[in-house]
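Reading through the structure tokens given below for one structure.
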Amino acid sequence: RSDAHSWLGDWEKTLADAEEAFKLDPANPAFKWRVAVAESETDRYDNALRRFIELREAYPWDALLESKIGLVHYRLGRLDDALK
252 RSDAHSWLGD
262 WEKTLADAEE
272 AFKLDPANPA
282 FKWRVAVAES
292 ETDRYDNALR
302 RFIELREAYP
312 WDALLESKIG
322 LVHYRLGRLD
332 DALK
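Mapped onto my numbering, the consecutive letters of the sequence shown carry residue numbers 252 to 335.
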């Protein structure tokens, strides 16, 4: 359901549904990813960054993950970190 909400651009509902799914299965990295993306789209950058960095530990060379981390750093005004 969170994916459908994201396609419609309703990020608050996306986040609520993603958090519910994550509570049901916190070990599932796909659910953590969805929560982090929704957090970044709802300006909850510190939470999103923490989750993305946790995911980096499991997927150290994932280009999409690295781009999301860079984007969150950029939105936080951390340009040097964003360019890494």
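Glycine included, each C-beta is placed from N, C-alpha and C at the ideal position. In this text, all values refer to a predicted model and were calculated from it rather than measured experimentally.
For residue i and residue j, I'd like the C-alpha separation in whole angstroms.
i: His324; j: Arg295; result: 12 Å
i: Tyr310; j: Leu334; result: 19 Å
i: Lys274; j: Asn298; result: 16 Å
i: Ala281; j: His256; result: 16 Å
i: Ala269; j: Ala278; result: 13 Å
i: Asp254; j: Asp332; result: 29 Å
i: Gly328; j: Glu308; result: 24 Å
i: Ala272; j: Arg285; result: 9 Å
With C-beta atoms as the reference, is residue i less than 8 Å away from residue j?
i: Ala289; j: Trp262; result: yes
i: Ser291; j: Lys264; result: no
i: Thr293; j: Leu322; result: no
i: Arg302; j: Lys283; result: yes
Please check the pair residue i and residue j, which I expect to be a contact at CB under 8 Å, by giving their CB distance rounded to whole angstroms.
i: Leu315; j: Ala287; result: Actually they do not touch by this definition, with Cβ atoms about 12 Å apart.
On the CB-based measure, 16 or more other CB atoms within 10 Å of its CB, does residue i come out buried or exposed?
i: Leu259; result: exposed
i: Leu330; result: exposed
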